[in-house]
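Numbering (the UniProt record's numbering), first residue to last: 1 to 119.
Note sheet for the following structure.
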């Protein structure tokens, strides 16, 4: 974690010189989301990083998500938006939806459905 913080602190300092005031981080479940590392970078640099809830596209959708009910997905994303991501004490700031080159999969359509009302 400390190595990542060291590298990212330099890059964030450069971004701040260009007037950047926050970074919207796009890593989700399935593609290396690490809220703990994002939190460490944000705290070390005193710079906001906004992290998503949601699931990336095929073939990176985890098995548990394929098997999850619509209600479970709703509860999971709502918890991450209103409380925290995976016991990290980091709250998600947005929902990422993804589609592959072949369009929306059934799971992508469920997660992105207007019927999956979170709040």
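Backbone N, C-alpha and C fix where the C-beta goes; we use that ideal spot for every residue, glycine too.
If you're wondering where the values come from, they're calculated on a predicted model, not measured in any experiment.
At least three beta-carbon pairs within less than 8 Å, the segment 78-95 to the segment 17-37: yes
Collapsed DSSP secondary structure at residue 94 in the structure displayed: Sequence index remark: in the chain shown, residue 94 carries index 94 (1-based). Correct three-state label for residue 94: strand.
Per-residue DSSP class, three states only, for residue 28: Within the chain shown, numbered from 1, the residue matching residue 28 stands at position 28. Three-state DSSP puts residue 28 in coil, outside helix and strand.
Where residue 55 falls: helix, strand or coil (DSSP): Walking along the chain shown from the start, residue 55 turns up at place 55. Secondary structure of residue 55 (DSSP, three-state): strand.
For residue 50, the residue or residues it bridges with in DSSP: In the chain shown, counting from the first residue as 1, residue 50 sits at position 50. Per DSSP, 24.
Proximity below 8 Å, CB of residue 29 to CB of residue 50: Along the chain shown, read from residue 1 onward, the residue named residue 29 stands at position 29. Along the chain shown, read from residue 1 onward, the residue named residue 50 stands at position 50. No, these two residues do not count as a Cβ contact at 8 Å.
Supposed close pair residue 4, residue 41 - CB separation, criterion 8 Å: Taking the first residue of the chain shown as position 1, residue 4 is located at position 4. Taking the first residue of the chain shown as position 1, residue 41 is located at position 41. Rounded, the Cβ-Cβ distance is 7 Å, consistent with contact.
Where residue 54 falls, given that 16 or more other Cβ within 10 Å makes a residue buried: For the purposes of this step, residue 54 is taken as the residue at position 54 of the chain shown. Buried, by the Cβ-count rule.
Residue 65 versus residue 71: straight-line alpha-carbon distance, rounded: The residue you call residue 65 lines up with position 65 of the chain shown. The residue you call residue 71 lines up with position 71 of the chain shown. Whole-angstrom Cα-Cα distance: 12 Å.
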